[in-house]
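Participant:
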Amino acid sequence: MYVVVTLCFVALASALPDYRPCTYDTRGLCMHYCEEGTYSYNTGCGPMTPEPTCENPHPVATRYAICDYSACYCKPPTVRDTSTKKCVLLERCPPKEDHNIHDSHLYTKF
99 MYVVVTLCFV ALASALPDYR PCTYDTRGLC MHYCEEGTYS YNTGCGPMTP EPTCENPHPV
159 ATRYAICDYS ACYCKPPTVR DTSTKKCVLL ERCPPKEDHN IHDSHLYTKF
């Protein structure tokens, strides 16, 4: 009897729909599933907030509506490392390049 109940449970579990997050096309069809650690972001028809990244961890939403935008965003508290395309904690982001360093070879002495 135990074997029959177990087999029924396995059969029912495999028949359940897949609830993984997905990105959608304009017809509402799933185009591809989101990776683990991400979620499906959709604007519907409203302002779009870009995905938080290492370079811009606190993006600002657009002031205009964008319709049918769908993407997989990193789940908070992670952000997208654009160099690896992976979700990482902000403190694990690669160090930012300092463009304010004054190299002596860039300046000519008169």
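In our numbering, each residue's number is its place in the sequence shown (first place is 1) plus 98.
Where a beta carbon is used, it is the ideal one built from N, C-alpha and C, also for glycine.
Report yes if the C-beta distance between Y131 and Y171 is below 7 Å; otherwise report no.
Facilitator: The Cβ atoms of Y131 and Y171 lie no closer than 7 Å to each other.
Participant: Just the Cα atoms here: how many angstroms apart are L187 and P155?
Facilitator: Between L187 and P155, the C-alpha separation is close to 10 Å.
Participant: Would you list the residues sitting across from S168 in a DSSP beta bridge?
Facilitator: In the DSSP assignment, S168 is bridged to N140.
Participant: Who are the near neighbours of R118 in its chain, counting only those whose CB is closer than 6 Å to its CB and skipping five residues on each side?
Facilitator: These residues qualify, in order along the chain: Y131.
Participant: In angstroms with no decimal places, state the Cα-to-Cα distance between A169 and E153.
Facilitator: 19 Å
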